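K.L.:
Chains as they are written, first to last, in our numbering: chain A, 9 to 124; chain B, 10 to 122. From the three backbone atoms N, C-alpha and C, an ideal C-beta is built for every residue, glycine too. Note that the structure is predicted; figures quoted are calculated from it, not measured.
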Amino acid sequence: EAGVTQFPSHSVIEKGQTVTLRCDPISGHDNLYWYRRVMGKEIKFLLHFVKESKQDESGMPNNRFLAERTGGTYSTLKVQPAELEDSGVYFCASSPLGHLSTDTQYFGPGTRLTVL
Amino acid sequence: DQQVKQNSPSLSVQEGRISILNCDYTNSMFDYFLWYKKYPAEGPTFLISISSIKDKNEDGRFTVFLNKSAKHLSLHIVPSQPGDSAVYFCAASADSGNTPLVFGKGTRLSVIA
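#1: Can you give the Cα-Cα distance for A:Thr13 and A:Leu92, rounded to whole angstroms?
#2: Please name the residues in the stretch 33 to 49 of chain A whose beta-carbon is closer than 9 Å to at least one beta-carbon of chain B, in chain order.
#3: Helix, strand or coil: how does DSSP classify A:Glu93 here?
#4: Looking at the secondary structure, which residues open and close the beta strand (DSSP E) in which B:Ala101 lies?
#5: Per DSSP, what kind of secondary structure is B:Thr54 in: helix, strand or coil?
#6: Say whether chain B places a C-beta atom closer than 8 Å to the C-beta of A:Tyr98.
#7: Could you tell me which residues DSSP puts in a beta bridge with B:Lys80?
#8: Measure from the C-beta of A:Arg30 to each C-beta in chain B and report whether the shortest distance is under 8 Å.
#9: Between A:His37, A:Arg45, A:Ile34, which has its C-alpha nearest A:Leu54's C-alpha?
#10: Specify the secondary structure class of A:Thr122 as computed by DSSP and reduced to three states.
#11: What number of angstroms, rounded off, separates the C-alpha of A:Leu108 from the C-alpha of B:Thr116?
#12: Can you list, in chain order, the residues of its chain whose CB lies under 8 Å from that of A:Tyr82, leaving out five sequence neighbours each side?
#13: Kindly give me the distance between the Cβ atoms of A:Thr112 and A:Tyr98, rounded to whole angstroms, as I take these residues to be in contact under 8 Å.
#14: Which chain B residues are close to A:Pro117, counting only those with a beta carbon under 8 Å from its beta carbon?
#15: Using 8 Å for Cβ pairs, my map puts A:Gly79 next to A:Glu50. What's the rounded Cβ distance?
#16: So with CB distances below 8 Å, who are the chain B contacts of A:Thr84?
#17: Which residues does DSSP pair with A:Phe73 in a beta bridge?
#18: Figure out for me which residue from B:Gln12, B:Ile86, B:Gly92 has the closest Cα to the Cα of B:Phe42.
#19: May I have the straight-line CA-CA distance separating A:Gly24 from B:Ile121, to the nearest angstrom?
#20: Tell me which residue opens and which closes the beta strand (DSSP E) that B:Lys65 is part of.
#21: So, are the CB atoms of B:Ser83 and B:Phe74 less than 8 Å apart?
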């Protein structure tokens, strides 16, 4: 079974440009999460989708970040316009939507974003 | 305000010995705890988890202990192997894992042959 995949693996852009990150969760996983790790700090939650609906977006830094999950499959995270402090590694994770047991989140390899 | 703390940034252990990684948390709503292992340029890989209704969970060389009264958990690896060298993240969640994970900053484990 394929794991969580993310594209691109690395993106270098200039301040003010736009970047779109993509995440393909494990097939059948309704929960999809976005996290970010800024250099030297902990991995922090950004956003949670359940199918195509935003369940929790309390971690989104500001309105320059826009996440979508049309059709409840893959998700995109757009940063527009990018700022220097947006640099970091963006991780996507997915888990099944279960109510009877604990559900482990499985992570993708991440997209390393560098804003110059 | 960090809700999950890993106070040791790094740990070195000899091959064959026990590695003990520690984690403290402050939020009493957390009821599900996980350890992830991370190699450079890869995403976190799930290692082992424990629900708050248990105090121990074991999977091969890996055992996680939970002390709810102290709000403390630990990961024991025995025997340690060079391939275990990685950054280990402690994470916690409320609502049995159906909420976002809160991570610690990680502990870099080096197993020396």
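P.N.:
Working from what's here:
#1: Working through the first sequence from its first residue, we reach residue 13 of chain A at position 5. Working through the first sequence from its first residue, we reach residue 92 of chain A at position 84. A:Thr13 and A:Leu92: Cα-Cα distance of roughly 25 Å.
#2: Asn39, Tyr41, Tyr43, Arg45, Gly48, Lys49
#3: If you number the first sequence from 1, residue 93 of chain A lands on position 85. Correct three-state label for A:Glu93: helix.
#4: For the purposes of this step, residue 101 of chain B is taken as residue 92 along the second sequence, with counting starting at 1. Its beta strand (DSSP E) spans residues 95 to 102.
#5: For this step, residue 54 of chain B is matched to residue 45 along the second sequence. Three-state DSSP puts B:Thr54 in a strand.
#6: For the purposes of this step, residue 98 of chain A is taken as residue 90 along the first sequence, with counting starting at 1. Closer than 8 Å: no.
#7: Mapped onto the second sequence, residue 80 of chain B falls at position 71. Per DSSP, none; premise fails for B:Lys80.
#8: To locate residue 30 of chain A, count along the first sequence from 1; it is residue 22. False, the Cβ-Cβ gap to chain B never drops below 8 Å.
#9: Within the first sequence, the letter at position 46 stands for residue 54 of chain A. Ranking the options by Cα distance to A:Leu54, first place goes to A:Arg45.
#10: Numbered from its first residue, the first sequence carries residue 122 of chain A at position 114. It is a strand residue.
#11: By 1-based counting over the first sequence, the position of residue 108 of chain A is 100. By 1-based counting over the second sequence, the position of residue 116 of chain B is 107. Confidence in A:Leu108 is poor, its pLDDT being 49 and thus under 50, which makes the residue's placement unreliable; the coordinate value appears in the next sentence. Cα-Cα distance, rounded: 32 Å.
#12: On the first sequence, position 74 is the one that residue 82 of chain A refers to. For A:Tyr82, where only same-chain residues beyond five positions count, the Cβ hits under 8 Å are Arg30, Cys31, Asp32, Pro33.
#13: Taking the first sequence and counting its residues from 1, one reaches residue 112 of chain A at position 104. Taking the first sequence and counting its residues from 1, one reaches residue 98 of chain A at position 90. At roughly 20 Å, the Cβ-Cβ gap does not stay under 8 Å, so A:Thr112 and A:Tyr98 are not in contact.
#14: Indexing the first sequence from 1 puts residue 117 of chain A at position 109. The answer, in chain order, is Ala50, Glu51, Gly52.
#15: As a first step, residue 79 of chain A is located in the first sequence; it is residue number 71 there, counting from the start. As a first step, residue 50 of chain A is located in the first sequence; it is residue number 42 there, counting from the start. No, A:Gly79 and A:Glu50 are not in contact; Cβ-Cβ is about 32 Å, not under 8 Å.
#16: Indexing the first sequence from 1 puts residue 84 of chain A at position 76. Chain B residues near A:Thr84: none, gap ~18 Å exceeds 8 Å.
#17: For this step, residue 73 of chain A is matched to residue 65 along the first sequence. Bridge partners of A:Phe73: A:Val87.
#18: Looking up residue 42 of chain B in the second sequence gives position 33. Checked all of B:Gln12, B:Ile86, B:Gly92; the closest Cα to B:Phe42 is B:Gln12.
#19: The residue you call residue 24 of chain A lines up with position 16 of the first sequence. The residue you call residue 121 of chain B lines up with position 112 of the second sequence. For A:Gly24 and B:Ile121, the distance between alpha carbons rounds to 45 Å.
#20: Position 56 of the second sequence, counted from the first residue, corresponds to residue 65 of chain B. Note, B:Lys65: beta strand (DSSP E), 65 to 68.
#21: The residue labelled residue 83 of chain B in the question sits at position 74 within the second sequence. The residue labelled residue 74 of chain B in the question sits at position 65 within the second sequence. Closer than 8 Å, so yes.
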